[in-house]
Amino acid sequence: MVVTRSNHNVHTAHYHLVFPVKYRKALLSDHIAKAILEIAKEIEERYEIEFEKIGTDGDHIHILCSFHPKYSGSTVVGRFKSITARELFRRFPELRKDLWKGEFWSDGFYLATVSERGNWETVERYVAQQGKTRSTTTQLRLWS
């Protein structure tokens, strides 16, 4: 983990964000997820937000990120949701049909801080594995 330095502070804070697509519609296909990653890079360049991992699982998205302490979690979520929704509707106008010409993201979200000493690797692996099928060999079995 890197300690980030700015003019008047030094910080290291990491967050796990989760929010669903409106109506829990499974619209986060591979090409939509790729577009979200491209949009996230643009958001990183404009704001002081670092998206460390982004994983999608059909109807919701997981983000592992860090950002300057001048932003609140809800500010970062709001910016991410509004910018990605606007860009996705611009790039893929057919999405409006699936969402009845409304919003792309649902109103709510989940936010948790992630410790670098405790569960960082677990959360990072979990976010990276979103949308990937699990092998049956790694799944726990109830009966032998």
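To convert, note that position 38 of the sequence shown is 39 in our numbering; the numbers rise steadily by one, no gaps. Even glycine gets a Cβ: it sits at the ideal position worked out from N, Cα and C. In this text the structure is predicted, and so the values were computed from the model without any measurement.
Tell me the rounded alpha-carbon separation between residue i and residue j.
{"i": "Thr57", "j": "Ser107", "result": "15 Å"}
{"i": "Ala41", "j": "Tyr48", "result": "10 Å"}
{"i": "Ile55", "j": "Lys23", "result": "18 Å"}
{"i": "Phe93", "j": "Pro21", "result": "18 Å"}
{"i": "Thr114", "j": "Leu38", "result": "22 Å"}
{"i": "Ile44", "j": "Gln130", "result": "23 Å"}
{"i": "Ser116", "j": "Glu122", "result": "9 Å"}
{"i": "Thr137", "j": "Ser7", "result": "Confidence at Thr137 is low in this model, with a pLDDT of 48, below 50, so its placement is unreliable and no value can be given for it."}
{"i": "Glu51", "j": "Lys71", "result": "14 Å"}
{"i": "Arg91", "j": "His9", "result": "38 Å"}
{"i": "Val19", "j": "Asp99", "result": "21 Å"}
{"i": "Gly74", "j": "Leu112", "result": "7 Å"}
{"i": "Trp101", "j": "Val78", "result": "23 Å"}
Report all residues from its chain with a CB closer than 6 Å to the CB of residue i; omit the five preceding and five following residues, and keep chain order.
{"i": "His69", "result": "Glu49"}
{"i": "Val4", "result": "Val11 and Thr13"}
Measure how close the beta-carbons of residue i and residue j come, nearest whole angstrom, since I'm counting them as under 8 Å.
{"i": "His63", "j": "His17", "result": "7 Å"}
{"i": "Leu96", "j": "Phe105", "result": "7 Å"}
Of the residues the options, which one's Cα is nearest the Cα of residue i?
{"i": "Val128", "options": "His61, Trp101 and Arg87", "result": "His61"}
{"i": "Lys133", "options": "Leu112, Asp31 and Ala86", "result": "Asp31"}
Tell me which residues share the same chain as residue i and place their Cβ nearer than 7 Å to its Cβ, disregarding the 5 neighbours each side in the sequence.
{"i": "Ala36", "result": "Leu89 and Arg92"}
Contained beta strand (DSSP E) runs [length at least 3] in the region 9-89, N- to C-terminal order: 15-21, 50-57 and 61-68
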